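To start, the structure under review is shown below, and the notes come after it.
Number of protein chains: 2
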Amino acid sequence: MRYLMTPDQIPSAWFNVAPHLPEPLSPPLHPGTGEPVGPDDLAPLFPMALIGQEMSADPWIDIPGEVLDILQLWRPTPLVRARRLEQALDTPARIYFKDESVSPAGSHKPNTAVAQTFYNKAEGIGRIATETGAGQWGSALAFACQLFGLECFVYMVAASYHQKPYRRVMMETWGGQVVASPSDLTQAGKAVLARDPDTGGSLGIAISEAVEDAATHPDTHYSLGSVLNHVLLHQTVIGLEARKQLEQAGEGLPDVILGSCGGGSNLAGLALPFVPDCAGARSGGPRLVAVEPSSCPTLTEGRFEYDFGDEAGMTPKILMYTLGHEFIPPPIHAGGLRYHGDAPIICNLVKNGWMEAVAYPQGKVFEAALQFARTEGTIPAPETAHAIRGAIDEALAAKEAGEERVILFNYSGHGLLDLAAYDAFLHGQLADV
Amino acid sequence: MRYLMTPDQIPSAWFNVAPHLPEPLSPPLHPGTGEPVGPDDLAPLFPMALIGQEMSADPWIDIPGEVLDILQLWRPTPLVRARRLEQALDTPARIYFKDESVSPAGSHKPNTAVAQTFYNKAEGIGRIATETGAGQWGSALAFACQLFGLECFVYMVAASYHQKPYRRVMMETWGGQVVASPSDLTQAGKAVLARDPDTGGSLGIAISEAVEDAATHPDTHYSLGSVLNHVLLHQTVIGLEARKQLEQAGEGLPDVILGSCGGGSNLAGLALPFVPDCAGARSGGPRLVAVEPSSCPTLTEGRFEYDFGDEAGMTPKILMYTLGHEFIPPPIHAGGLRYHGDAPIICNLVKNGWMEAVAYPQGKVFEAALQFARTEGTIPAPETAHAIRGAIDEALAAKEAGEERVILFNYSGHGLLDLAAYDAFLHGQLADV
Numbered sequence: 026m027r028y029l030m031t032p033d034q035i036p037s038a039w040f041n042v043a044p045h046l047p048e049p050l051s052p053p054l055h056p057g058t059g060e061p062v063g064p065d066d067l068a069p070l071f072p073m074a075l076i077g078q079e080m081s082a083d084p085w086i087d088i089p090g091e092v093l094d095i096l097q098l099w100r101p102t103p104l105v106r107a108r109r110l111e112q113a114l115d116t117p118a119r120i121y122f123k124d125e126s127v128s129p130a131g132s133h134k135p136n137t138a139v140a141q142t143f144y145n146k147a148e149g150i151g152r153i154a155t156e157t158g159a160g161q162w163g164s165a166l167a168f169a170c171q172l173f174g175l176e177c178f179v180y181m182v183a184a185s186y187h188q189k190p191y192r193r194v195m196m197e198t199w200g201g202q203v204v205a206s207p208s209d210l211t212q213a214g215k216a217v218l219a220r221d222p223d224t225g226g227s228l229g230i231a232i233s234e235a236v237e238d239a240a241t242h243p244d245t246h247y248s249l250g251s252v253l254n255h256v257l258l259h260q261t262v263i264g265l266e267a268r269k270q271l272e273q274a275g276e277g278l279p280d281v282i283l284g285s286c287g288g289g290s291n292l293a294g295l296a297l298p299f300v301p302d303c304a305g306a307r308s309g310g311p312r313l314v315a316v317e318p319s320s321c322p323t324l325t326e327g328r329f330e331y332d333f334g335d336e337a338g339m340t341p342k343i344l345m346y347t348l349g350h351e352f353i354p355p356p357i358h359a360g361g362l363r364y365h366g367d368a369p370i371i372c373n374l375v376k377n378g379w380m381e382a383v384a385y386p387q388g389k390v391f392e393a394a395l396q397f398a399r400t401e402g403t404i405p406a407p408e409t410a411h412a413i414r415g416a417i418d419e420a421l422a423a424k425e426a427g428e429e430r431v432i433l434f435n436y437s438g439h440g441l442l443d444l445a446a447y448d449a450f451l452h453g454q455l456a457d458v
Numbered sequence: 026m027r028y029l030m031t032p033d034q035i036p037s038a039w040f041n042v043a044p045h046l047p048e049p050l051s052p053p054l055h056p057g058t059g060e061p062v063g064p065d066d067l068a069p070l071f072p073m074a075l076i077g078q079e080m081s082a083d084p085w086i087d088i089p090g091e092v093l094d095i096l097q098l099w100r101p102t103p104l105v106r107a108r109r110l111e112q113a114l115d116t117p118a119r120i121y122f123k124d125e126s127v128s129p130a131g132s133h134k135p136n137t138a139v140a141q142t143f144y145n146k147a148e149g150i151g152r153i154a155t156e157t158g159a160g161q162w163g164s165a166l167a168f169a170c171q172l173f174g175l176e177c178f179v180y181m182v183a184a185s186y187h188q189k190p191y192r193r194v195m196m197e198t199w200g201g202q203v204v205a206s207p208s209d210l211t212q213a214g215k216a217v218l219a220r221d222p223d224t225g226g227s228l229g230i231a232i233s234e235a236v237e238d239a240a241t242h243p244d245t246h247y248s249l250g251s252v253l254n255h256v257l258l259h260q261t262v263i264g265l266e267a268r269k270q271l272e273q274a275g276e277g278l279p280d281v282i283l284g285s286c287g288g289g290s291n292l293a294g295l296a297l298p299f300v301p302d303c304a305g306a307r308s309g310g311p312r313l314v315a316v317e318p319s320s321c322p323t324l325t326e327g328r329f330e331y332d333f334g335d336e337a338g339m340t341p342k343i344l345m346y347t348l349g350h351e352f353i354p355p356p357i358h359a360g361g362l363r364y365h366g367d368a369p370i371i372c373n374l375v376k377n378g379w380m381e382a383v384a385y386p387q388g389k390v391f392e393a394a395l396q397f398a399r400t401e402g403t404i405p406a407p408e409t410a411h412a413i414r415g416a417i418d419e420a421l422a423a424k425e426a427g428e429e430r431v432i433l434f435n436y437s438g439h440g441l442l443d444l445a446a447y448d449a450f451l452h453g454q455l456a457d458v
């Protein structure tokens, strides 16, 4: 059963969780001086409107009309009750998922790409540089830039650029320019190529190139697809819509809310609007659960400390759970979850016991993905399948307990450009890390 | 702007165009005797319920509840007003499209796959054999069989099986078994392999294998994804929903209705419910337009005569426009439009002047696809891009005439598994046939 809302029911403001957090967020620190970073430090890379949102304490922030005009191409997204999955599990739980896969780029990422591009355009910026791994973020930004008429320049990790060309083609279809990183267009890229001409690149190197590009090109800013407060803010339309749709479905608050967690933005988008009600804040509210890969267990095994956001140590240091900024996870198919740290907001909630975290190996995750595809019909992204695994296990726990629990998870993206991973799983060639 | 309906608003009956056609359909003829084919001739391949629908004169046929239960996983599909495309064209026309790409398999094909699988199951059939070219039909049938618990066995044209593995993986994800055709599992396949061990296969050979499989396996039927009357019938949910959604949008009847045309099922699904109002039947009603590739110009250049449905000449002969059953079109990216004939219902309408046909070369089609992706945001299938090309040209004609026309087309599928074609187009490597 799908619960729909009409385009005029998109939330008109983003929900800012900052005033509701268990303790204030600690400031990012300058990588050189170790002093707290101020707006001026960020101004060469981001428009002031986004810097303001990054540090805002306002409980709600209005969504500009031009952003809503584009979001309504696919929003509000459906809330779906997974009845066929419930039946297959023979569980008394009611399982709902918010379907963010319906966006043109196929994931939740355009929610923030559109907003970021709007604010850049509003400040007169004509070109945005960014990095992308497998291409989810780069394709969302290329889409947004095309619709606002900005240039989009993407440094794509060379290994993905060569082995997974389809997201590169998506970016180009939307007018984006894409180069393999490391490239000879930046000093950072040239230095790496000089050392290792055949390198496959890394997300850390690609970040360095995109930041250098933005800092050295006129009219150019940098854009990031997760981790930062303003990115999570833009994703809260997900949870705000889901609250209303659960009411439509005749439900109260869910018992548990789950999302896969790489940088944390899709999980945050669904969960943050429920923080004022959550079990950590108020007894009886929903449990919030982050699901991560066992091979990159940031929240379940990382240290809570200040660390760099990138591999090369060029970004401000942020207080978060981290596996160390030089940690390189194995090449699992859920490329979007291969990040050594997590969004400070997510870490704040976990540190204070308002959010739980669980980790699964890849094999268990693909078992869940296949069960979902064979009951509900759609094929999930490997990242999304982490949340599905968590939701299935919660539904089985409810069955064990004989309780009618309400489970809500974020269906963050489809797996139509990840079919090679399914091929490996179906034919016994998936590394179970 | 998207016009949505709730799942309880799916039509409860299919629209049968037969009583409304300008002249009665001519019967299919037995390939051996040349006599009209009767129900008993078809019984080894199809369930009686579908044979009944194939020949029915009832104006409406109820949709079974179990079919509706599955259709509502994605239906009703959105009707979308393409305002951003209108603005880019600076046209006074209002352009609407029905978005059939939102199904789990990514096209309109599951509308009939679900219905056909239901009727097979109801008659106790446990296994369905079919053929597929690039894999759109095979994936839709594998999806439907998985949801009803039937086995699905797909003979996939060998060239596609090896060069385009992703739809094969989709079928396997839904539990389908897929073999490259020609295979050594049938006499037909073995004979071809004996002559030419390295052949890439063809749709004609794959049909022969699937039909032989169904005829020689117990408990097995055959299933076809287009052309036949009952297939077109199942697709009429598209047009029935679109009629109601146009009312929601404050529109009367559209001025022109377009669909891409290979076998004819997506075009028929949208257009047939408008036949009683169409210009051929009643002055002032909507024009109906079939859009086909210049390289396979069945309706625009074919002969109207009895011909075989398959390349090998094993199926009944049907009265249709045909390029000859041995015609092999060039390997354009719109694989779904590479058929030498067309559905008898579509041909009946064209022959009697109730439907027009237009053909475009591949380059003009991809220009339209790119313009659509860069304005409306989503990336269309190459097949679908034919309808988009037609709709854009209608909108430009309306601009030329200074008239506020209403244009409706079928967005039959997404292009996420066709990005290699976009890659070729963007880099000047597309053959413009």
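Residue numbers (the working numbering), protein chains in the order written: chain W, 26 to 458; chain X, 26 to 458. From the three backbone atoms N, C-alpha and C, an ideal C-beta is built for every residue, glycine too. Being a predicted model, the structure only gives us computed values, none of them experimental.
For residue i, is the beta carbon positioned less than 7 angstroms from some heavy atom of the ligand SAM?
i	result
P354 of chain W	For the structure depicted, the ligand SAM is absent and the ligand set is empty, with no information on it obtainable.
Who are the neighbours of residue i on chain W, taking C-beta pairs under 7 angstroms?
i	result
I153 of chain X	The contacting residues do not exist; I153 of chain X stays about 17 angstroms from chain W at best.
Y447 of chain X	V194 and T198
Hey, residue i and residue j: beta-carbon distance below 8 angstroms or not?
i	j	result
V179 of chain X	S227 of chain X	no
L278 of chain W	G250 of chain W	no
G415 of chain X	V300 of chain X	no
L265 of chain W	P298 of chain W	yes
A118 of chain W	Q396 of chain W	no
A384 of chain X	P322 of chain X	yes
V458 of chain X	P341 of chain X	no
S319 of chain X	E125 of chain X	no
L166 of chain X	I153 of chain X	yes
Just to make sure I have the definition right: I need the residues of chain X whose C-beta is within less than 8 angstroms of the C-beta of residue i. Which are they?
i	result
G361 of chain W	Result: empty, since nearest Cβ-Cβ is about 17 angstroms, beyond 8 angstroms.
With burial defined as no fewer than 16 other Cβ atoms inside 10 Å of the residue's Cβ, what is the status of residue i: buried or exposed?
i	result
G294 of chain X	buried
N41 of chain W	buried
G361 of chain W	buried
P53 of chain X	buried
N136 of chain W	buried
D418 of chain X	buried
G160 of chain X	buried
R268 of chain X	buried
G453 of chain W	exposed
H187 of chain W	exposed
P405 of chain W	buried
Q387 of chain X	buried
Q260 of chain W	buried
G200 of chain W	buried
E351 of chain W	exposed
Can you list the residues of chain W that residue i reaches, using a CB-CB cut of under 8 angstroms?
i	result
M26 of chain X	P32 and Q97
L29 of chain X	L29 and T31
Compare the C-beta of residue i against all C-beta atoms of chain C and say whether one is closer than 8 angstroms.
i	result
D124 of chain X	In the structure shown, chain C does not exist; the protein chains are W and X.
* To do: Select from the segment 189–210 of chain X all residues with a C-beta closer than 9 angstroms to any C-beta belonging to chain W, and list them in chain order.
  => P190, Y191, R192, R193, V194, M195, E197, T198, W199 and G200
* In the segment 113–142 of chain W, which residues sit with their C-beta less than 9 angstroms from some C-beta in chain X, listed in chain order? -> V127, S128, P129, A130, G131 and P135
* **Contact the segment 282–294 of chain W vs the segment 359–369 of chain W: 3+ CB pairs below 8 angstroms** => yes
* To do: Using a Cβ-Cβ cut-off of less than 8 angstroms, list which residues of the segment 156–174 of chain X approach chain W; keep chain order.
  => F168, Q171 and L172
* Asked: Got a sec: which bits of the segment 391–421 of chain W sit with their beta carbon under 9 angstroms from any beta carbon on chain X, in order along the chain?
  -> A394, L395, A398, R399, T400, E401, G402, T403 and I404
* Quick check: the segment 347–358 of chain X against the segment 328–336 of chain X, are there 3 or more CB pairs under 8 angstroms? -> The segment 347–358 of chain X, when compared against the segment 328–336 of chain X, does touch it at the 8 angstroms Cβ threshold.
* Quick one: which residues of the segment 31–59 of chain W get their C-beta closer than 8 angstroms to a C-beta of chain X? List them in chain order. => T31 and P32
* Name, going along the chain, the residues of the segment 426–456 of chain X whose beta-carbon falls closer than 7 angstroms to a beta-carbon of chain W. => L441, L442, L444, Y447, D448 and L451
* Contact the segment 421–431 of chain X vs the segment 441–450 of chain X: 3+ CB pairs below 8 angstroms -> no
* Asked: Okay, do the segment 54–62 of chain X and the segment 100–108 of chain X touch, 3+ Cβ pairs below 8 angstroms being the bar?
  -> no
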